[in-house]
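Undergrad:
2 protein chains.
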Amino acid sequence: MALKSIKPERRRLADKVYEQLVNAIANREISVNDRLVQEKLATELQISRTPVREALMRLEHEGVLSASISGGFRLYQMNKEEIRELYQARAAIEGQAARILATRKNPDEIADLRETILREEDIQIKTVQNYFKANHNIHRRFIELTGNRFLLEMLNVTWGKAMAIHLFGSIAEVDLAKSLGSHMALVDVIESGDKTASLEAVTQHIQEGFELQIRHLED
Amino acid sequence: MALKSIKPERRRLADKVYEQLVNAIANREISVNDRLVQEKLATELQISRTPVREALMRLEHEGVLSASISGGFRLYQMNKEEIRELYQARAAIEGQAARILATRKNPDEIADLRETILREEDIQIKTVQNYFKANHNIHRRFIELTGNRFLLEMLNVTWGKAMAIHLFGSIAEVDLAKSLGSHMALVDVIESGDKTASLEAVTQHIQEGFELQIRHLED
DNA sequence: ATTATGTATACTGTATACGGTATACGGTAC
DNA sequence: GTACCGTATACCGTATACAGTATACATAAT
Numbered sequence: 018m019a020l021k022s023i024k025p026e027r028r029r030l031a032d033k034v035y036e037q038l039v040n041a042i043a044n045r046e047i048s049v050n051d052r053l054v055q056e057k058l059a060t061e062l063q064i065s066r067t068p069v070r071e072a073l074m075r076l077e078h079e080g081v082l083s084a085s086i087s088g089g090f091r092l093y094q095m096n097k098e099e100i101r102e103l104y105q106a107r108a109a110i111e112g113q114a115a116r117i118l119a120t121r122k123n124p125d126e127i128a129d130l131r132e133t134i135l136r137e138e139d140i141q142i143k144t145v146q147n148y149f150k151a152n153h154n155i156h157r158r159f160i161e162l163t164g165n166r167f168l169l170e171m172l173n174v175t176w177g178k179a180m181a182i183h184l185f186g187s188i189a190e191v192d193l194a195k196s197l198g199s200h201m202a203l204v205d206v207i208e209s210g211d212k213t214a215s216l217e218a219v220t221q222h223i224q225e226g227f228e229l230q231i232r233h234l235e236d
Numbered sequence: 018m019a020l021k022s023i024k025p026e027r028r029r030l031a032d033k034v035y036e037q038l039v040n041a042i043a044n045r046e047i048s049v050n051d052r053l054v055q056e057k058l059a060t061e062l063q064i065s066r067t068p069v070r071e072a073l074m075r076l077e078h079e080g081v082l083s084a085s086i087s088g089g090f091r092l093y094q095m096n097k098e099e100i101r102e103l104y105q106a107r108a109a110i111e112g113q114a115a116r117i118l119a120t121r122k123n124p125d126e127i128a129d130l131r132e133t134i135l136r137e138e139d140i141q142i143k144t145v146q147n148y149f150k151a152n153h154n155i156h157r158r159f160i161e162l163t164g165n166r167f168l169l170e171m172l173n174v175t176w177g178k179a180m181a182i183h184l185f186g187s188i189a190e191v192d193l194a195k196s197l198g199s200h201m202a203l204v205d206v207i208e209s210g211d212k213t214a215s216l217e218a219v220t221q222h223i224q225e226g227f228e229l230q231i232r233h234l235e236d
């Protein structure tokens, strides 16, 4: 006898609601003006309020949503200073990742990065969302390859906070394309094995992303 | 008339439960063998299960507790590899903080750090908890001074995950005292304004903390 | 017309009820 | 005694009920 274990974890409806909400935000089905109301969502999903509430509160704690005093949750809107700090935090995570990868100088990892970049940069339908997703996938891959689950978790949370900025901002495609094209150079630096240079390069890259972002918020 | 606004936020019982649980863990009132059961906690706190459940789930998502398949939550016990990754993540956060502070070279901030270190290193009752708290306060101050709320949040979450390791480990006092004494040197490097050296120094310091930790886990 | 006030409505937070699953335990067959 | 099985118990996840607070709107007072 060799049957697989079926349920290793406690299952929760709230997790599914959470995922659905994250996807809905990423696909711009929830806009900055929408108010997410527990009862409405619950009837829509054909479940009770409890798991809906749990998912909403989780997103609130993660800084994606904010609870309005008059009821309902909405996408948290960062101010410019918060965005600056968020990019600084991203630099911490991704800079460290670059250091780790540069120290290891693992050819498989380097090759994986190059592949990922080539694949993701090859965008067919040039929408802001697609640029956004490609960029996300590339940056996430850097962290995934470090194998550090906490760095990955921090990046995910950080990226979640940023969703509302990126998805509902108005960056021009041409700028996005240019920004997306600058990833391969980062791999070259990492491949050289210079961990300080790698950190500096990634930091610089993220700083440029921030400036691109800010320029378009000022309009 | 100039009355202060009373309730700017939605208040929730779950937040109080959360705080109480965090404090209880930090004060070693909850041990690694304890099983936290929703119903038991609820009757103990004289409230219903709902807010207790919310607080427990939040701590689960933060990686402090883990839900046992057979019911109840317990302190999450990291393995050695996870501890290593956690320290690596801390280095990301605190290394970036050091870079920021070194770049600014603000004399007020430098003075604040020195004050904090002197105050916290002056421990009256030499218990493991007290060393732990002092170390926490010093490291947190570095991040607080950057003014970056996300770095601070990440440090808090990271530190939360580490509570169970530190509090129930068995590091000798003498080692802790030595480790605690090495903070002032970090400030000196930051004061020099060399951001790379600052990052390296902090990384090195955290690496030493990790090795101290690991040495005592192997017993 | 504008301001104040009462009342309905919208939503929330907390408590409780209910059904299901997993462990614990005690009895029965060998 | 040991292996197996059935039932009791513990605990959870989800649904629902209930009470309190904030907004909206209509009505009354100036």
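Going down the list, the sequences are from chains A and B. Numbering of the first sequence is given in the numbering used here, commencing with residue 18 and proceeding in unit increments. Numbering of the second sequence is given in the numbering used here, commencing with residue 18 and proceeding in unit increments. Think of the CB as a built atom: it goes at the ideal place given N, C-alpha and C, for glycine as much as any other residue. If you're wondering where the values come from, they're calculated on a predicted model, not measured in any experiment.
1) Please determine if the region 104-119 of chain B and the region 163-172 of chain A are in contact, where contact requires at least 3 C-beta pairs separated by less than 8 Å.
2) Determine the extent of the beta strand (DSSP E) in which A:L53 is found, giving its start and end residues.
3) Can you check the region 75-134 of chain A for any beta strand (DSSP E) of at least 3 residues that lies completely inside it and give the ranges in chain order?
4) Does DSSP put B:R27 in a helix, a strand or coil?
5) With B:V174 and B:E79 assumed to form a contact (beta carbons below 8 Å), what rounded beta-carbon distance in angstroms separates them?
6) Output needed in chain order: residues of the region 70-83 of chain B with a Cβ under 9 Å from some Cβ in chain A.
7) If we require 3 or more residues per run, which beta strand (DSSP E) segments fall completely within the region 159-226 of chain A?
8) Assign B:T60 to buried or exposed, taking buried as 16 or more other Cβ atoms, counted over all protein chains shown, within 10 Å of its Cβ.
9) Which of the three DSSP states is assigned to A:N147 in this structure?
10) Taking the beta carbon of B:G88 as the centre, do at least 16 other beta carbons fall within 10 Å, making it buried, or is it exposed?
11) How do the region 214-222 of chain B and the region 115-124 of chain B stand: do at least 3 beta-carbon pairs fall below 8 Å, yes or no?
12) Among B:S209, B:E111, B:K143 and B:I140, which one has its Cα closest to the Cα of B:H222?
13) At the level of alpha carbons, what is the spacing between B:A151 and B:I142?
14) Between A:E71, A:M74 and A:M95, which has its C-alpha nearest A:A234's C-alpha?
15) Whole angstroms are fine: how far does the CA of A:L203 sit from the CA of B:A315?
16) Could you check the C-alpha separation between B:I86 and A:Q37 for me, to the nearest Å?
17) Does the separation of the CB atoms of A:A114 and A:F159 fall below 9 Å?
18) List the residues of chain B whose Cβ lies closer than 7 Å to the Cβ of A:L103, in chain order.
19) Are any of the Cβ atoms in chain A nearer than 9 Å to that of B:Q113?
20) Which residues of chain B have a Cβ atom closer than 9 Å to the Cβ of A:I110, listed in chain order?
21) Using only the alpha-carbon positions, how far apart do B:E132 and B:D125 sit?
TA: Quick answer:
1) At 8 Å Cβ cutoff, the stretches touch.
2) Note, A:L53: premise wrong, no beta strand (DSSP E); not H, not E.
3) You should have 82-84 and 90-92.
4) coil
5) 6 Å
6) Answer in chain order: R70, E71, M74, R75, H78, E79 and G80.
7) Residue ranges of uninterrupted beta strand (DSSP E) with 3 or more members are absent from the region 159-226 of chain A; none lies entirely inside it.
8) exposed
9) Correct three-state label for A:N147: helix.
10) exposed
11) Segments in contact, yes.
12) B:E111
13) Counting only the Cα atoms, B:I142 lies some 12 Å from B:A151.
14) One detail in the question is off: residue 234 of chain A reads as Leu in this sequence, not Ala. Ranking the options by Cα distance to A:L234, first place goes to A:M95.
15) No answer is possible for residue 315 of chain B: it lies beyond the span of chain B, which begins at 18 and ends at 236.
16) Looking at the two C-alpha atoms, the distance is approximately 25 Å.
17) yes
18) F167
19) Answer yes: the Cβ-Cβ gap between B:Q113 and chain A drops below 9 Å somewhere.
20) A106, A109, I110, Q113 and M171
21) 10 Å
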